[in-house]
Amino acid sequence: MTAMPLKNVLITGCSSGIGLAIAVKLAKDEQKRFKVYATMRSLAKQDDLVAAAGRCMGKTMEIKQLDVCCEESIRNCVSGIPDRKIDILVSNAGMGLIGPIECQTIEQMKTVMDTNFFGLVRLLKEILPDMKKRKNGHIVIISSVMGIQGILFNDVYAASKFAVEGFCESLAIQALKFKLQLSLIEPGPVITEFERKVYEDGLKMDLSAADKETADMFTNVYLKNYKSIFQSLGQTAEDVAEHTMKIILAENPPFRHQTNTLYTPMTTLKYADPNGDLPIDTFYKMVFQHDKVFNASLNFIKLLRWRSNKSFDLGKPQS
Ligand code: NAD
Numbered sequence: 013m014t015a016m017p018l019k020n021v022l023i024t025g026c027s028s029g030i031g032l033a034i035a036v037k038l039a040k041d042e043q044k045r046f047k048v049y050a051t052m053r054s055l056a057k058q059d060d061l062v063a064a065a066g067r068c069m070g071k072t073m074e075i076k077q078l079d080v081c082c083e084e085s086i087r088n089c090v091s092g093i094p095d096r097k098i099d100i101l102v103s104n105a106g107m108g109l110i111g112p113i114e115c116q117t118i119e120q121m122k123t124v125m126d127t128n129f130f131g132l133v134r135l136l137k138e139i140l141p142d143m144k145k146r147k148n149g150h151i152v153i154i155s156s157v158m159g160i161q162g163i164l165f166n167d168v169y170a171a172s173k174f175a176v177e178g179f180c181e182s183l184a185i186q187a188l189k190f191k192l193q194l195s196l197i198e199p200g201p202v203i204t205e206f207e208r209k210v211y212e213d214g215l216k217m218d219l220s221a222a223d224k225e226t227a228d229m230f231t232n233v234y235l236k237n238y239k240s241i242f243q244s245l246g247q248t249a250e251d252v253a254e255h256t257m258k259i260i261l262a263e264n265p266p267f268r269h270q271t272n273t274l275y276t277p278m279t280t281l282k283y284a285d286p287n288g289d290l291p292i293d294t295f296y297k298m299v300f301q302h303d304k305v306f307n308a309s310l311n312f313i314k315l316l317r318w319r320s321n322k323s324f325d326l327g328k329p330q331s
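Here the sequence shown is numbered in this note's numbering, starting from 13 and rising by one per residue.
Put into structure tokens, the structure is as follows:
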């Protein structure tokens with residue numbers, strides 16, 4: 013019996029969080045169906061991945077340098093893969109940005125767009141032509157529920173994920189002609205470096221350019237509830253990796269996949285009202301009028317998760 017050929021998977025942003033978890037999950041597949049090219053911007057940050065991959069290193073996993081903001085680095089990485097053959101691309105690298113836009117520079121905003129949106133575009137400019145030639149390939153993009161719904165003080169981050177979703181929706185039509193598949197993975201809150209860094213940057217933010225009401229809203233409403241939202245609704249990176257693997261293995265993978273059922277009622281509001289007022293009104297009321305009910309609901313969800321042994325502390329890996 014001849015063994016099934018391994019599928020080459022290239023994943024971006026694997027030094028931490030969701031990228032690391034997906035790389036390890038696929039490399040440790042018991043049926044050994046994948047050869048994982050786990051890429052990261054700086055190879056100096058590979059220790060956590062190497063430790064988590066264990067004996068897979070050098071067998072089903074190889075680590076390579078790739079900066080999604082640098083075309084040359086993408087070209088070098090792809091050219092170093094035998095026959096440049098990538099069966100599955102997981103575009104995961106990304107960054108967040110929160111706060112009032114008055115207090116953010118255009119440069120900061122451009123960096124977010126450059127990483128989250130143009131990072132994907134650069135990858136596809138290099139990888140898509142080969143996939144089209146082979147008429148084979150699956151492009152999996154780690155988007156976000158914020159790719160379909162904006163959230164208070166996440167204006168630019170949501171815009172970058174909306175850009176990703178619009179781009180993919182357009183490309184998916186062409187991709188069908190070449191028998192290629194595109195899947196957007198849309199997690200809600202996930203407890204990773206991302207959430208810690210974004211929160212710490214928020215705490216350090218110079219709010220002097222914002223009026224008092226806006227600054228107060230950011231500090232005393234948004235940041236105050238931030239940790240509690242992640243503790244109640246947050247998933248682990250491993251959970252998102254499990255969802256991603258299911259999508260990769262699906263015979264007919266869906267175009268969109270939300271990973272967090274606790275969050276789906278929020279995104280459903282978007283589809284329920286073509287005028288778009290329903291989700292905006294609901295978020296407004298939740299944050300500014302019914303904040304006590306909102307907080308009580310979050311605490312209730314936290315309690316339910318704790319009772320079902322699914323609780324976790326922020327920052328601590330799940331045992
Ligand atoms: P993370 O910060 O742990 O991982 C992001 C990774 O991207 C890091 O390893 C970082 O070094 C890398 N990266 C950043 N810029 C890069 C560049 N120019 N080139 C290559 N790599 C680069 O956070 P995460 O939560 O694992 O985020 C992964 C993806 O998931 C992101 O696209 C993020 O937008 C998305 N996401 C995260 C959450 C969340 O709450 N954490 C929710 C929904 C979607």
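Every residue, glycine too, gets a C-beta built ideally from N, C-alpha and C.
None of these values were measured; they are calculated from a predicted model.
- Cβ-Cβ separation between serine 28 and aspartate 60: approximately 7 angstroms, consistent with a contact (criterion under 8 angstroms).
- Relative to the non-hydrogen atoms of the ligand NAD, the Cβ of glutamate 205 comes within a distance shorter than 7 angstroms of at least one.
- A straight-line Cα-Cα distance of about 10 angstroms links cysteine 81 and methionine 125.
- Residue burial annotation: lysine 191 is exposed, with fewer than 16 other C-beta atoms found within 10 angstroms of its C-beta.
- Relative to the Cα of aspartate 142, the nearest Cα in the group Arg87, Asp218, Met73 and Thr231 belongs to Arg87.
- A residue is called buried once 16 or more other Cβ atoms fall within 10 Å of its Cβ, and isoleucine 118, having fewer, is exposed.
- In the three-state reduction of the DSSP assignment, glutamate 74 falls in the strand class, which pools E and B.
- With fewer than 16 other Cβ atoms inside 10 Å of its own Cβ, glutamate 114 counts as exposed.
- Leucine 281 has its alpha-carbon roughly 11 angstroms from the corresponding atom of asparagine 287.
- Within 10 angstroms of the beta-carbon of serine 103 lie 16 or more other beta-carbons, which makes it buried.
- Taking 7 angstroms as the cut-off, the C-beta of threonine 256 does not count as close to any heavy atom of the ligand NAD.
- DSSP places leucine 219 in the coil class of the three-state scheme, outside both helix and strand.
- In this structure, Arg45 is the residue among Asp99, Ser54, Leu78 and Arg45 with its C-alpha nearest to the C-alpha of cysteine 68.
- Ranked by Cα distance from methionine 107, the options Ala39, Lys37, Leu140 and Gly31 are led by Gly31.
- Boundaries of the beta strand (DSSP E) around leucine 101: 100-103.
- Taken from the Cβ of serine 240, every heavy atom of the ligand NAD lies 7 angstroms or farther away.
- Residue pairing from DSSP places methionine 69 in a beta bridge opposite Met73.
- The ligand NAD has a heavy atom closer than 7 angstroms to the beta-carbon of alanine 105.
- Take the alpha-carbon of valine 157 and the one of alanine 65: they are about 29 angstroms apart.
- Within a 10 Å sphere around the beta-carbon of lysine 173 sit 16 or more other beta-carbons, which makes this residue buried.
- Assignment of leucine 196 by DSSP, reduced to helix, strand and coil, places it in the strand class.
- The beta carbon of alanine 284 sits closer than 7 angstroms to those of Leu290, all from its chain and outside the five residues before and after it, given in chain order.
- Valine 124 carries a helical assignment under DSSP once its states are collapsed to helix, strand and coil.
- Annotation for isoleucine 153: the continuous beta strand (DSSP E) segment containing it runs 150-154.
- Around the beta carbon of valine 62, a 10 Å sphere encloses fewer than 16 other beta carbons of the protein chains shown; the residue is thus reported as exposed.
- In the pairwise beta carbon analysis, the region 166-186 is classified as not touching the region 215-231: fewer than three pairs are separated by under 8 angstroms.
- Apart from sequence neighbours up to five positions away, the residues of its chain that approach valine 176 with a beta-carbon distance below 8 angstroms are Asn128, Phe129, Leu132, Ile153, Ser155, Gly159 and Leu196, ordered along the chain.
- Taking 8 angstroms as the upper bound for CB-CB distance, cysteine 26 and methionine 52 are in contact here, some 5 angstroms apart.
- Selection Thr24, Ala35 and Val36 evaluated against serine 54 yields Thr24 as nearest (Cα-Cα).
- In this structure, the beta-carbon distance from glycine 92 to lysine 71 does not fall below 8 angstroms.
- Counting only the Cα atoms, lysine 224 lies some 43 angstroms from leucine 136.
- Straight across, the Cα-Cα distance linking valine 202 with lysine 57 is about 21 angstroms.
- Here leucine 261 carries a helix assignment [DSSP, helix/strand/coil].
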